[in-house]
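Peer 1: For the sequence shown, numbering that gives the first Met the number 0 assigns the number 0 to the initial residue and increments by one for each residue that follows.
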Amino acid sequence: MDFFSFSKTELEEELLKAFLPKFRAKQMLDWVYKKGVTDLKSMTNLPLDLRQRTALGVSILPLREKLIQQSTDGTKKALLQLNDGEFIESVYIPEGDRATVCFSSQVGCAMGCSFCATGQSGFVRNLDPGEIVGQLYYWQYSKGFPITNAVAMGQGEPFLNWDNFQKAIGILTDPDCFGIGARHLTVSTCGIAPKIRELAYLPWQINLSVSLHAPLDKLRSQIMPINRRYPLKELMEAIVEYIRVTNRRVTFEYTVIPEFNDGEENANLLIGLLDKMLCHVNIIPLNPLAGKSENLEAAEKFVKLLDKKLNVTLRRSRGADIDAACGQLKQKQVYE
Ligand code: SF4
Numbered sequence: 000m001d002f003f004s005f006s007k008t009e010l011e012e013e014l015l016k017a018f019l020p021k022f023r024a025k026q027m028l029d030w031v032y033k034k035g036v037t038d039l040k041s042m043t044n045l046p047l048d049l050r051q052r053t054a055l056g057v058s059i060l061p062l063r064e065k066l067i068q069q070s071t072d073g074t075k076k077a078l079l080q081l082n083d084g085e086f087i088e089s090v091y092i093p094e095g096d097r098a099t100v101c102f103s104s105q106v107g108c109a110m111g112c113s114f115c116a117t118g119q120s121g122f123v124r125n126l127d128p129g130e131i132v133g134q135l136y137y138w139q140y141s142k143g144f145p146i147t148n149a150v151a152m153g154q155g156e157p158f159l160n161w162d163n164f165q166k167a168i169g170i171l172t173d174p175d176c177f178g179i180g181a182r183h184l185t186v187s188t189c190g191i192a193p194k195i196r197e198l199a200y201l202p203w204q205i206n207l208s209v210s211l212h213a214p215l216d217k218l219r220s221q222i223m224p225i226n227r228r229y230p231l232k233e234l235m236e237a238i239v240e241y242i243r244v245t246n247r248r249v250t251f252e253y254t255v256i257p258e259f260n261d262g263e264e265n266a267n268l269l270i271g272l273l274d275k276m277l278c279h280v281n282i283i284p285l286n287p288l289a290g291k292s293e294n295l296e297a298a299e300k301f302v303k304l305l306d307k308k309l310n311v312t313l314r315r316s317r318g319a320d321i322d323a324a325c326g327q328l329k330q331k332q333v334y335e
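Okay, here's the thing in structure tokens:
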């Protein structure tokens, strides 16, 4: 099994099965997560048979970098290869004293959102917990870029890989493992309503972000097929319950598609939908890669229509000079 998929307890059990004392688990975790050492031979306080891997069949293999792109604004995007040859993307976004990693939860995605390159290429498989943890490990230790925050906003729908995602969160937040605070983690969903309700009752502090992108079912269903399964009424009821139970603020993502989901009517519908809700709305210009100024102008106009009625931010697109949109780097490297 991949070392990065082990919780501390599981590693202790593995050691006990090999007739080794469980305190070796803490020593191994310290080497990997505190010192960034993944070569067993260099773990000098471990007994020789453990260092030579004869005592424990655990491999510690960080994700392999196939390609990395760097934007002029400091954003970096990596194409990472998994052990079975599949690829995933992960993005590092430095911003002042914060550095956020946008990580993937699946290879491909079954959700088919029309504006998303990943959605267009279909679902391949779920990531295992170690492949999720491994993305943060790659940035912080293989590359040496410290992380303050992480969002599951790369490829895939985390709620559809929920068991592995939950396990990865456990490893990431364990102070003896990766040790990032739960409040610095965000799960992002296209709107799997029952899972939002489930999240509300977990004893976690992680944040919730919802891709909304339209204030009306007839618009949202055109660009997000999931809306036919969980229409806005059901989705909003789940979010209201989440806020009531957790008292945590929800973030909504809204990509402005000119002459589709912008204008005064849609602004008023959005205000009505989110009225008095404990939330923040990120307005995102469509397709920054195309560099179209009308997309930015449309987003700016939409923000003005919402301003003072909703808690709203125009999100600068980061890494616009690299293949920044979700799935684009992989598509270029793997499919072209
Ligand atoms: S936007 Fe997210 S949920 Fe939609 S297809 Fe892309 S990866 Fe999947």
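Positions of the beta carbon are idealized from the N, C-alpha and C atoms, including for glycine.
Please read all numbers here as calculations on a predicted model, not as lab measurements.
Skipping 5 residues on each side, what residues in its chain have a beta carbon closer than 7 Å to that of Val333?
Peer 2: Locating residue 333 in the sequence shown gives position 334, counting from the first residue. Here the model assigns Val333 a pLDDT of 47, short of 50, so the residue's position is not dependable and the matter cannot be decided.
Peer 1: Provide the residue span of the alpha helix (DSSP H) that contains Val302, from first to last.
Peer 2: Walking along the sequence shown from the start, residue 302 turns up at place 303. Taken as a continuous stretch (DSSP letters only), the alpha helix (DSSP H) holding Val302 covers Ser292 to Leu305.
Peer 1: How far does the beta strand (DSSP E) with Gly107 in it extend, from its first residue to its last?
Peer 2: On the sequence shown, position 108 is the one that residue 107 refers to. Element bounds for Gly107: Gln105 to Gly107.
Peer 1: Where does Ser187 sit, in a helix, a strand or coil, going by DSSP?
Peer 2: Residue 187 sits at position 188 when you count from the first residue of the sequence shown. Strand at Ser187.
Peer 1: Closer than 7 Å by C-beta to Leu215: which residues in its own chain qualify, once you throw out the five before and the five after it? Chain order, please.
Peer 2: Numbered from its first residue, the sequence shown carries residue 215 at position 216. So the qualifying residues of the chain are Leu268.
Peer 1: Residues in its own chain within less than 6 Å of Gly133 by CB, not counting five upstream and five downstream?
Peer 2: Locating residue 133 in the sequence shown gives position 134, counting from the first residue. Contacts found: Phe3 and Leu62.
Peer 1: Go ahead and pull the three-state DSSP assignment for Gly18.
Peer 2: Locating residue 18 in the sequence shown gives position 19, where the first residue counts as 1. The displayed chain sequence assigns Phe, not Gly, to residue 18. Of the three classes helix, strand and coil, the one that applies to Phe18 here is coil, per DSSP.
Peer 1: Taking 7 Å as the cut-off, is the beta-carbon of Val101 closer than that to any non-hydrogen atom of the ligand SF4?
Peer 2: Within the sequence shown, numbered from 1, the residue matching residue 101 stands at position 102. Per the sequence shown, residue 101 should be read as Cys rather than Val. Cys101 Cβ: outside cutoff for every heavy atom of the ligand SF4.
Peer 1: Return the chain-ordered ranges of every beta strand (DSSP E) run that is complete within the segment 79-103 and spans a minimum of 3 residues.
Peer 2: 86-94 and 97-101
Peer 1: Where do the N-terminal and C-terminal ends of the beta strand (DSSP E) with Tyr124 fall, by residue?
Peer 2: Mapped onto the sequence shown, residue 124 falls at position 125. Here the sequence assigns Arg to residue 124, which means Tyr is not the residue at that position. From DSSP, the beta strand (DSSP E) with Arg124 extends over Phe122 to Asn125.
Peer 1: Helix, strand or coil for Pro193? Go by DSSP, reduced to three states.
Peer 2: On the sequence shown, position 194 is the one that residue 193 refers to. In the three-state reduction of the DSSP assignment, Pro193 falls in the helix class.
Peer 1: Using the DSSP secondary-structure output, state which residues sit across from Asp1 in a beta bridge.
Peer 2: Residue mapping note: residue 1 aligns to position 2 of the sequence shown, counting from 1. Answer by DSSP bridge pairing, in chain order: Ser58.
Peer 1: Helix, strand or coil: how does DSSP classify Ala213 here?
Peer 2: Indexing the sequence shown from 1 puts residue 213 at position 214. Ala213: coil per DSSP, three-state reduction.
Peer 1: Between which two residues does the alpha helix (DSSP H) containing Thr250 stretch?
Peer 2: To locate residue 250, count along the sequence shown from 1; it is residue 251. Thr250 -> not in any alpha helix (DSSP H); beta strand (DSSP E) instead, spanning Val249 to Val255.
Peer 1: Going by other Cβ atoms of all chains shown within 10 Å of its Cβ, with 16 needed for buried, is Glu299 buried or exposed?
Peer 2: For the purposes of this step, residue 299 is taken as the residue at position 300 of the sequence shown. It is exposed - the Cβ of Glu299 has fewer than 16 other Cβ atoms within 10 Å.
Peer 1: What is the rounded straight-line gap between the Cα of Ile238 and the Cα of Phe251?
Peer 2: Here residue 238 refers to the residue found at position 239 when the sequence shown is read from its first residue. Here residue 251 refers to the residue found at position 252 when the sequence shown is read from its first residue. So the alpha carbons of these two residues sit roughly 11 Å apart.
Peer 1: In whole angstroms, give me the CA-to-CA distance for Glu258 and Glu264.
Peer 2: Along the sequence shown, read from residue 1 onward, the residue named residue 258 stands at position 259. Along the sequence shown, read from residue 1 onward, the residue named residue 264 stands at position 265. Approximately 11 Å, taken between the alpha carbons.
Peer 1: Is Gln51 helix, strand or coil by DSSP?
Peer 2: Translated into the one-based positions of the sequence shown, residue 51 becomes position 52. DSSP places Gln51 in coil when its eight states are reduced to three.
Peer 1: So, helix, strand or coil for Pro157, using DSSP?
Peer 2: In the sequence shown, counting from the first residue as 1, residue 157 sits at position 158. Helix.
Peer 1: Could you check whether the Cβ of Thr254 sits closer than 7 Å to any heavy atom belonging to the ligand SF4?
Peer 2: As a first step, residue 254 is located in the sequence shown; it is residue number 255 there, counting from the start. False, no ligand heavy atom lies under 7 Å from that Cβ.
Peer 1: Cα separation between His7 and Gln80?
Peer 2: Locating residue 7 in the sequence shown gives position 8, counting from the first residue. Locating residue 80 in the sequence shown gives position 81, counting from the first residue. Position check: residue 7 holds Lys in this sequence, whereas His was assumed. Lys7 and Gln80: Cα-Cα distance of roughly 25 Å.
Peer 1: Sort out for me which residues DSSP pairs Gln134 with in a bridge.
Peer 2: Walking along the sequence shown from the start, residue 134 turns up at place 135. None; Gln134 has no bridge partner.
Peer 1: Kindly indicate which three-state DSSP category Ser208 falls into: helix, strand or coil?
Peer 2: Sequence index remark: in the sequence shown, residue 208 carries index 209 (1-based). Strand.
Peer 1: Relative to the alpha-carbon of Lys308, which residue among Met276, Cys189 and Leu39 has its alpha-carbon at the smallest distance?
Peer 2: Looking up residue 308 in the sequence shown gives position 309. Comparing Cα positions, the closest option is Met276.
Peer 1: For Met9 and Lys16, what's the separation of their Cα atoms in angstroms?
Peer 2: The residue you call residue 9 lines up with position 10 of the sequence shown. The residue you call residue 16 lines up with position 17 of the sequence shown. Note on residue identity: the sequence assigns Glu, not Met, to residue 9. Computed Cα separation, rounded: 11 Å.
Peer 1: Do you know how far the Cα of Asn206 is from the Cα of Lys331?
Peer 2: In the sequence shown, counting from the first residue as 1, residue 331 sits at position 332. In the sequence shown, counting from the first residue as 1, residue 206 sits at position 207. Confidence at Lys331 is low in this model, with a pLDDT of 49, below 50, so its placement is unreliable and the value that follows should be read with caution. So the two alpha carbons sit approximately 31 Å from each other.
Peer 1: Mind listing which residues have their beta carbon within less than 5 Å of any non-hydrogen atom of the ligand SF4? Chain order is fine.
Peer 2: Cys108, Met110, Cys112, Cys115, Thr117, Gly118, Glu156 and Cys189
Peer 1: Quick check on Ser210: buried or exposed, where buried means 16 or more other Cβ atoms within 10 Å of its Cβ?
Peer 2: Here residue 210 corresponds to residue number 211 of the sequence shown, with the count starting at 1. It counts as buried.
Peer 1: Taking the alpha carbon of Leu171 as the point to measure from, which residue in Ala213, Ile256, Glu233 and Ile131 has its own alpha carbon closest?
Peer 2: Here the question's residue 171 lines up with position 172 in the sequence shown. The shortest Cα separation from Leu171 among Ala213, Ile256, Glu233 and Ile131 belongs to Ile131.
Peer 1: For the candidate residues Leu19, Ser104 and Leu45, whose alpha-carbon lies nearest to that of Pro160?
Peer 2: Stepping through the sequence shown from its first residue, residue 160 is reached at position 161. Note on identity: in this sequence residue 160 is Asn, with Pro being the wrong assignment. Measuring from the Cα of Asn160, the nearest candidate turns out to be Ser104.
Peer 1: Assign Met0 to buried or exposed, taking buried as 16 or more other Cβ atoms, counted over all protein chains shown, within 10 Å of its Cβ.
Peer 2: In the sequence shown, residue 0 corresponds to position 1, counting from 1. Around the C-beta of Met0, fewer than 16 other C-beta atoms lie within 10 Å, and the residue is accordingly described as exposed.
Peer 1: To the nearest angstrom, how far is it from the Cα of Glu335 to the Cα of Asn246?
Peer 2: Taking the first residue of the sequence shown as position 1, residue 335 is located at position 336. Taking the first residue of the sequence shown as position 1, residue 246 is located at position 247. Residue placement at Glu335 is poorly supported in this model, since its pLDDT is 38, which falls under 50; the coordinates still yield a value, given next. Annotation: Glu335 to Asn246 spans about 46 Å, alpha carbon to alpha carbon.
Peer 1: On the three-pair Cβ rule with 8 Å, is the segment 225-236 touching the segment 277-286?
Peer 2: no
Peer 1: Using 7 Å as the cut-off, classify the Cβ of Thr74 as near or not near the heavy atoms of the ligand ZN, replying yes or no.
Peer 2: The ligand content of the structure shown is limited to the ligand SF4, which means the ligand ZN is not among them.
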